[in-house]
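Student:
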Amino acid sequence: MTDAFEEEAEPTVSIGEYLKDVEEQELEADLVLGGDEGKECTYNNGYMKRQAIFSCLTCTPDGNAGVCTACSLSCHDGHEIVELWTKRNFRCDCGNSKFGEFFCKLLASKDVENPQNLYNHNFRGLYCTCGRPYPDPDAEEQPEMIQCCVCEDWFHEEHLGLESSDMQVPRDEEGEPIYEEFICQGCASVCSFLMLYPPTVFASVPPKNATSSLKEKEVAENVPLSSEETNNASSSQDTLMTNASKEELSLGKGIHEENDGKTTTTNHCNGVAGSSEKCVLGLNLSEAVAKLEKSKPMFLCKNWREVLCKCQNCVDFYNQKGVGYLLDPEDTIAEYEAMAKQKREELEQQQSSEFLNKLGHIEKIEILTGIADIKNELSSYLASFDPSKAVTSADIHQVFENLAKKRKRME
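So the sequence shown is residues 332 to 742, counted in our numbering.
#1: Give the C-beta separation of Ile-705 and Leu-734 to the nearest angstrom, bearing in mind that I take them to be a contact with Cβ-Cβ under 8 Å.
#2: Please report whether the beta-carbon of Phe-430 lies at a distance below 8 Å from any beta-carbon of chain B.
#3: Per DSSP, which residues does Leu-612 bridge with? Please list them.
#4: Please tell me whether Pro-628 and Ala-534 are closer than 8 Å, where the distance is taken between their beta carbons.
#5: Taking all protein chains shown into account, decide if Asp-424 is buried (16 or more other Cβ within 10 angstroms of its Cβ) or exposed.
#6: Going by C-alpha to C-alpha distance, which of Asn-375, Asn-615, Lys-622 and Trp-635 sits closest to Cys-642?
#7: What are the uninterrupted segments assigned as alpha helix (DSSP H) that are 4 or more residues long and contained completely in the region 439 to 519, given in chain order?
#8: Assuming His-407 and Val-398 make a contact with CB atoms under 8 Å, what is their CB distance in whole Å?
#9: Identify every residue that forms a DSSP beta bridge with Leu-525.
#10: Would Met-526 pass as a contact of Ser-617 if the rule is Cβ separation under 8 Å?
#11: For my contact list, Gly-517 and Cys-482 are in at a C-beta cut-off of 8 Å; report their separation, rounded to the angstrom.
#12: Please state the DSSP three-state secondary structure of Asn-650.
#13: For the beta strand (DSSP E) containing Ala-383, name the first residue and the last one.
#14: Between which residues of its own chain and Glu-371 is the CB-CB distance below 6 Å, once the five residues before and five after are set aside?
#15: If you follow the alpha helix (DSSP H) that Thr-400 is in, where does it begin and where does it stop?
#16: Given a cut-off of 8 Å, decide if Cys-387 and His-410 are closer than it, judged by their beta-carbon atoms.
#17: Could you give the distance in angstroms between the alpha-carbon of Leu-709 and the alpha-carbon of Pro-464?
#18: Quick one: what does DSSP say Gly-396 is sitting in, helix, strand or coil?
#19: State yes or no: is the C-beta of Pro-501 within less than 8 Å of the C-beta of Ile-509?
#20: To the nearest angstrom, report how far apart Gln-729 and Ile-664 are at their CA atoms.
#21: Can you tell me where the beta strand (DSSP E) with Phe-430 in it begins and where it stops?
#22: Counting pairs of Cβ atoms below 8 Å between the region 484 to 492 and the region 448 to 461, do you hit three or more?
#23: Measuring alpha carbon to alpha carbon, tell me which of Asn-376, Gln-680, Phe-524 and Pro-468 ends up nearest Val-638.
#24: Taking Asn-395 and Lys-418 to be in contact with their CB atoms under 8 Å, please state how far apart those CB atoms are, rounded to whole angstroms.
#25: Going by C-alpha to C-alpha distance, which of Arg-636, Cys-479 and Asp-503 sits closest to Val-532?
#26: Pick helix, strand or coil for Asn-707, following the three-state DSSP scheme.
#27: Pull up the distance between the alpha-carbon of Asn-427 and that of Phe-454, whole angstroms please.
#28: What does the Cβ neighbour count give for Leu-623, buried or exposed, with the cut at 16 atoms within 10 Å?
#29: Using DSSP bridges, identify the partner residues of Thr-700.
#30: Across which residues does DSSP place Arg-419 in a beta bridge pair?
#31: Cα separation between Glu-505 and Asn-420?
#32: Report the partner residues of Met-629 according to the DSSP bridge assignment.
#33: Report the rounded CA-to-CA distance for Thr-700 versus Arg-381, giving the unit in angstroms.
#34: Work out the CA separation of Thr-723 and Glu-512 for me, nearest whole Å.
#35: By the 10 Å Cβ neighbour count, where 16 or more other Cβ atoms means buried, how is Tyr-378 classified, buried or exposed?
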C-alpha cells in the first residue's frame with residue numbers, strides 16, 4: 332500500500348533543476364530555429380544561407396524534399412516529420428511538384444522545384460555511413476554524433492574512419508571537444524588543399540608525456556638522442572604546439588613563406604573574397620593537390636576559416652570544388668547561433684515594448700509594480716531555500732498568498 336501512495340505522489344523538482352531545464356530548452360530552440368517564429372514560409376527569401384529544415388516522410392517518403400519551420404507547423408502538423416537541424420543554401424519545397432496534389436497553406440504559388448537544393452539520406456531520417464536512424468530503435472545507447480561542415484551529414488564516432496589507435500577525436504582531459512569543425516573522410520578529398528596549410532589549422536590531442544619522457548631519458552643516460560628519437564621528439568613537440576598556436580592563428584599568424592632563404596611571417600588574407608593580390612600559399616592549388624596523399628578525416632581548430640587564402644586563384648579553386656561558402660563567415664554554425672540569440676533578444680524587447688505601449692500611464696505603472704512585487708516576493712521566499720531543495724506546488728501557492736495579503740493590507 333505504501334508503494335502505491337509513493338507512485339501517486341506529486342513529482343517534485345528543485346528550483347535549480349527547473350531553471351536549468353527551462354534555460355536548456357530555450358537555448359536549444361534558439362540554436363535550431365535561428366530565432367524563426369515559424370509564422371511565415373521562408374520561400375520568398377530564396378536560397379537562405381542557413382535555416383532550420385524539416386523533412387515530411389508522410390508527404391515525401393523518398394526524402395527528396397525539405398520544408399521550413401513555418402510549413403512544418405502549419406502544413407504538416409500531425410505528419411511524420413524528421414528534424415534536420417540546419418541546412419545551407421536551401422529553399423522551402425513545401426507544396427511544389429514533389430508533393431503531388433498537396434499545396435502549401437502559407438504560400439501556394441511556388442516554382443515546380445528548387446534545383447539548387449541538395450538532399451542526402453538525412454531527409455529519409457538516416458545518418459552516418461551506416462545509414463541508421465537517430466535515435467536508433469535497435470541501440471541501447473544513443474551516442475552523440477558529429478556533423479561534417481561540408482556535406483552536413485552526421486556520423487557515429489566509430490564510423491569516422493579513424494584508421495589507427497593514435498587517431499582520435501580531439502578532446503580535453505574532461506572529454507570535451509577541442510575542435511571547432513569536422514570534415515568527414517568522404518569530404519576530406521574535396522578539401523585536401525587544407526593539407527597545404529600549416530598544422531595550426533588542425534586540432535589534435537598531444538600524446539601524453541611523449542616529450543617529457545624523452546627528455547628524462549636523455550638526462551638519465553646523459554647521452555644525445557638518436558636521430559630517430561630526435562625526429563619523434565620534434566613531431567611530438569609540433570603536436571603539442573598545435574593547440575598553443577590557436578591564439579596566433581586567430582590573430583592572423585602562422586603562415587610562413589620562403590623568401591631568398593629567409594623565413595618570414597606573412598599576414599593572412601582577412602579581406603573579402605578575391606581581395607588579396609598575392610597568394611598566401613604561393614602554389615598552384617590544382618597541381619599541388621594532385622600530389623597529396625589520400626586525405627583523412629579533419630578536425631579543424633577555432634578560426635581556421637580565417638586562414639584560408641582569398642586571392643582570386645584560390646577563390647576560383649574553392650568555387651570549382653563547390654566549397655566557396657567556406658569563405659563566408661555567416662556559413663558557420665557558430666555565427667548562425669550567435670545571430671539566433673540576437674534575434675531572440677531583440678524580439679523579446681520588441682514584444683515587451685509593444686505590450687507596454689498599448690497601455691495607459693496608470694496601467695503601465697500597475698504592471699511594472701506588479702512585476703517588481705512578484706520578483707521581490709519570490710526572491711524573499713526562496714532566499715531561505717537550499718538550492719537543492721525541492722519546490723512544490725504548495726510553495727508556489729504560498730508565494731501568491733503572501734502577495735495577496737500584502738495587496739489587501741495596502742488597499
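Where is the CB? At the ideal position from N, CA and C, for every residue including glycine.
Tutor: On the basis of the supplied data:
#1: Right, the Cβ-Cβ distance comes to about 7 Å (below 8 Å), so this counts as a contact.
#2: No chain B appears in the structure shown, which is made up of a single protein chain.
#3: Answer by DSSP bridge pairing: none, since Leu-612 is not bridged.
#4: No, the pair does not count as a contact, with Cβ atoms beyond the cut-off.
#5: Per the 10 Å Cβ criterion, buried.
#6: Comparing alpha-carbon positions, the option among Asn-375, Asn-615, Lys-622 and Trp-635 lying closest to Cys-642 turns out to be Asn-615.
#7: List check, alpha helix (DSSP H) in window: 516 to 519.
#8: Contact holds; Cβ gap of about 7 Å.
#9: Answer by DSSP bridge pairing: none, since Leu-525 is not bridged.
#10: The Cβ atoms of Met-526 and Ser-617 lie no closer than 8 Å to each other.
#11: Between Cys-482 and Gly-517 the Cβ distance is about 7 Å, and since that is below 8 Å, they are a contact.
#12: Of the three classes helix, strand and coil, the one that applies to Asn-650 here is helix, per DSSP.
#13: Counting along the chain, the beta strand (DSSP E) containing Ala-383 begins and ends at 379 to 387.
#14: Scanning its chain for C-beta atoms nearer than 6 Å, with the 5 sequence neighbours on each side dropped, one finds around Glu-371 the residues Ala-401, in chain order.
#15: It spans 400 to 405 - the alpha helix (DSSP H) in which Thr-400 sits, taken as one unbroken run.
#16: Cβ atoms of His-410 and Cys-387: closer than 8 Å.
#17: In a straight line, the C-alpha of Leu-709 is about 45 Å away from that of Pro-464.
#18: Checking the displayed sequence, the identity of residue 396 turns out to be Ala instead of Gly. The answer is coil: DSSP assigns Ala-396 none of H, G, I, E or B.
#19: Ile-509 sits close to Pro-501, with the two beta carbons spaced by under 8 Å.
#20: Looking at the two C-alpha atoms, the distance is approximately 44 Å.
#21: For Phe-430, no beta strand (DSSP E) encloses it, and the DSSP letter there is neither H nor E.
#22: A contact exists between the region 484 to 492 and the region 448 to 461.
#23: The closest CA to that of Val-638, considering only Asn-376, Gln-680, Phe-524 and Pro-468, is found on Phe-524.
#24: Asn-395 to Lys-418, Cβ: 14 Å. No contact.
#25: The option with the nearest alpha carbon to Val-532 is Arg-636.
#26: Here Asn-707 sits in helix by DSSP.
#27: Just so you know, the alpha carbons of Asn-427 and Phe-454 end up roughly 16 Å apart.
#28: Under the 10 Å beta carbon count, Leu-623 is surrounded by fewer than 16 other beta carbons and is classified as exposed.
#29: For Thr-700, which the question treats as bridged, DSSP gives no partner whatsoever.
#30: Looking at the DSSP output, Arg-419 sits in a beta bridge with Arg-381.
#31: When rounded, the distance between both Cα atoms is 36 Å.
#32: DSSP lists Ile-514 as partners of Met-629.
#33: Going by the C-alpha atoms only, they are around 42 Å apart.
#34: When rounded, the distance between both Cα atoms is 43 Å.
#35: Exposed, since its Cβ has fewer than 16 Cβ neighbours within 10 Å.
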